[in-house]
Ligand code: UVW
C-alpha cells in the first residue's frame with residue numbers, strides 16, 4: 003500500500019511530500035518512482051479499456067517548434083544518399099540531432115532537482131559526467147533514475163485518462179490563453195472528469211489538454227516565437243495543495259500538451275512571481291515523488307477520438323528512447339481504444 007501524503011514517512015531535512023524510500027526494495031534504491039504502481043494486476047485491468055481496436059498517436063513531430071524556448075536546440079535532420087558512400091546503391095540513411103525537450107517528451111526523474119537540497123529523486127546527486135553514460139558503462143557509480151531503465155520493466159503500459167480542458171473551456175465560454183500563465187486548477191480537473199464520466203484509479207496516467215501545442219501547429223516560426231517569446235505559459239496550478247492532490251490520486255505519471263505541465267512563471271506562496279528554478283510541480287513530481295512528467299504531447303486527435311467514442315479512458319503505451327543516461331525522450335505514446 004502506498005501511503006497518502008499525510009502518512010508519508012518523514013525524510014530528514016526534506017519537506018512534507020517527500021516519497022524517497024517509499025518504493026525501495028531489498029535495500030536497493032528505487033529508480034522507477036510511481037511507475038512502481040503499474041503492477042501486473044493494474045496493467046491487466048488497463049487492458050479492459052481495449053474495446054474498439056483503434057489507436058491514436060500522441061506524438062507531436064520532432065521539430066514542430068522551429069526554435070524551442072530556453073535556447074534549446076531544435077531538430078537537425080540530415081538525409082544522406084548511399085550513392086557516394088561505400089554502399090554505392092540507390093537508397094538513403096538519415097541522422098537526427100535535437101534537444102529531447104524540443105517536442106513531445108518524458109521528463110525523467112533526473113530532469114529537475116529539488117533546488118534547496120540540490121538532489122534528484124531518492125536523494126541522488128548527479129553530475130554531467132555521471133549522467134553521460136555509454137554502453138557497458140551504465141550506472142557505474144550509482145543507479146540514476148534515467149529513462150533507459152524503463153526498458154528493463156517493459157516500458158509503460160497503463161490506463162490513460164484524458165482531461166479535455168480545452169474542450170471544456172471552449173464549451174463554457176471561458177477565456178483561457180495558453181501563451182500566458184493561465185491556470186488549470188484541481189477544481190477544473192474534477193469538474194471535467196465528472197462531466198466526461200471518468201473516475202480516476204490508482205496507477206492511471208492522467209493526460210491534460212490545454213490547446214498549447216495546437217496553437218503552435220501550422221504557424222510560421224516567427225509566430226511561434228511571438229507566442230512563446232515571453233516565456234509565460236499555461237499549465238496546472240503550481241502549488242503544494244495541487245501537488246498533494248496529484249500524489250493522493252496515486253497516478254503512475256502525468257502528461258499534457260503544455261510546455262512545462264505547470265504554468266510559467268511559478269508563483270511563490272506570497273503571490274510574487276518566481277524564477278523557472280522555483281517551478282513547484284517539477285520539484286514535487288520529479289524530485290520528491292518520482293512521478294514522470296510528459297510535456298508537449300499532441301492531443302488534438304485524442305480529443306476528436308474521445309468525443310467520437312464518448313469515452314475518455316483507454317490503454318496507454320509508451321517507450322522512451324533506450325539511451326543510457328537518457329534524461330528526456332520522445333514518448334512514442336499511443337492511446338489504444
Ligand atoms: C524546464 O525544464 C524548466 O521545464 P520543462 O521540463 O517543462 O521543459
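Numbering (full-length UniProt numbering), first residue to last: 3 to 339. All C-beta atoms in this analysis are idealised placements derived from N, C-alpha and C, irrespective of residue type, glycine included. Given the structure is predicted, the values throughout are model-derived calculations rather than measurements.
*Name the two residues that bound the continuous alpha helix (DSSP H) containing residue 162.*
No alpha helix (DSSP H) contains residue 162, which is instead part of the beta strand (DSSP E) from 158-165.
_Cβ neighbour criterion (16 or more within 10 Å) applied to residue 26_ = Label assigned to residue 26: exposed.
*Ends of the beta strand (DSSP E) at residue 325?*
Run containing residue 325: none; DSSP gives neither H nor E here.
_With the cut-off set at 8 Å, would you say residue 24 and residue 42 are in Cβ contact?_
In this structure, the beta-carbon distance from residue 24 to residue 42 does not fall below 8 Å.
*Identify which residue in 309, 338, 17 has its Cα closest to the Cα of residue 169.*
Of the listed residues, the one whose Cα sits closest to residue 169 is 309.
*Where the beta carbon is closer than 7 Å to any heavy atom of ligand 1, which residues qualify, in chain order?*
In chain order, the hits are 72, 103, 109, 113, 114, 261, 262, 263, 278, 281, 284, 295, 297.
*By Cβ distance below 6 Å, which residues in the same chain neighbour residue 166 in space, the five residues on each side in sequence not counted?*
Beyond the five residues adjoining it in sequence on each side, residue 166 comes within less than 6 Å, by CB distance, of 211, 305 in the same chain, given in chain order.
*Quick one, are the C-beta atoms of residue 240 and residue 290 less than 8 Å apart?*
Their beta carbons are not under 8 Å apart, which means residue 240 does not touch residue 290 by this criterion.
*Should residue 147 and residue 33 be called a contact, given that it needs their Cβ atoms to be closer than 8 Å?*
Yes, Cβ-Cβ distance for residue 147 and residue 33 is below 8 Å.
*asked:* Spatial neighbours of residue 68 within its chain, please: C-beta separation below 7 Å, excluding the five flanking residues on both sides.
replied: 76, 223, 226, listed in sequence order.
*Same chain, Cβ closer than 6 Å to residue 91, neighbours up to 5 away in sequence not counted*: The residues are 84.
_Measuring only the C-alpha atoms, how far is residue 270 from residue 326?_
Computed Cα separation, rounded: 36 Å.
*Less than 8 Å between the CB atoms is what I'm expecting for residue 53 and residue 339, so what's the real figure, rounded?*
That belief holds up - the Cβ atoms of residue 53 and residue 339 are roughly 7 Å apart, short of 8 Å.
_Simplified DSSP assignment, three categories, for residue 125_ = Of the three classes helix, strand and coil, the one that applies to residue 125 here is helix, per DSSP.
*Fully enclosed by the stretch 174-237, which alpha helix (DSSP H) runs are 4 residues long or longer?*
DSSP runs (the alpha helix (DSSP H)) wholly in the stretch 174-237: 188-198, 214-218, 223-230.
*Since residue 63 and residue 103 are thought to touch, with beta carbons under 8 Å apart, how far apart are those beta carbons, to the nearest angstrom?*
Not a contact, Cβ separation roughly 15 Å.
*Confirm, please, whether the CB-CB distance from residue 333 to residue 59 is below 8 Å.*
In this structure, residue 59 sits away from residue 333, with a CB-CB distance that is not shorter than 8 Å.
*According to the neighbour-count rule (16 or more other Cβ atoms, all chains shown, within 10 Å of its Cβ), is residue 189 buried or exposed?*
Classification of residue 189: exposed, given that the 10 Å Cβ count is below 16.
*For the stretch 243-254 against the stretch 93-100, are there 3 or more C-beta pairs whose distance is under 8 Å?*
Touching, no, given that fewer than three Cβ pairs across the two stretches are closer than 8 Å.
*Within its chain, find whatever has a CB closer than 7 Å to the CB of residue 194; leave out the 5 residues flanking it on each side and keep chain order.*
165, 166, 167, 170, listed in sequence order.
*Out of 276, 14, 37, 177, state which residue places its alpha-carbon closest to the alpha-carbon of residue 320.*
Looking at 276, 14, 37, 177, the one whose alpha-carbon comes closest to that of residue 320 is 37.
*Since residue 59 is in the beta strand (DSSP E), which residue starts that stretch and which ends it?*
Start and end: 57-59.
*How is residue 115 classed by DSSP in three states: helix, strand or coil?*
In the displayed model, residue 115 falls within coil according to three-state DSSP, outside both helix and strand.
*Kindly indicate which residue of 119, 86, 110 has the alpha-carbon position closest to the one of residue 14.*
Per the Cα distances, 119.
_Candidates 110, 200, 205, of which the one nearest residue 253 by Cα_ = For the options 110, 200, 205, the alpha carbon positioned closest to that of residue 253 is the one of 205.
_DSSP bridge partner residues for residue 293 (one or two, in chain order)_ = Under DSSP, no beta-bridge partner is assigned to residue 293.
*Within 10 angstroms of its Cβ, does residue 314 collect 16 or more other Cβ (buried), or is it exposed?*
A buried status is given to residue 314, since no fewer than 16 other beta-carbon atoms sit within 10 Å of its beta-carbon.
*From residue 294 to residue 201, what distance separates their C-alpha atoms?*
Near 21 Å, if we compare the C-alpha coordinates of residue 201 and residue 294.
*Whole angstroms is fine: what's the gap from residue 111's alpha carbon to residue 255's?*
Approximately 11 Å, taken between the alpha carbons.
_When you compare the CB positions of residue 116 and residue 285, do they come within less than 8 Å of one another, or not?_
Going by C-beta atoms, residue 116 is nearer than 8 Å to residue 285.
*Within its chain, find whatever has a CB closer than 6 Å to the CB of residue 303; leave out the 5 residues flanking it on each side and keep chain order.*
If we look at residue 303 and ignore the five residues flanking it on each side, its Cβ neighbours are 58.
_What does DSSP give as the partner residue(s) for residue 82 in the beta ladder?_
According to DSSP, which records beta bridges pairwise, residue 82 is partnered with 95.
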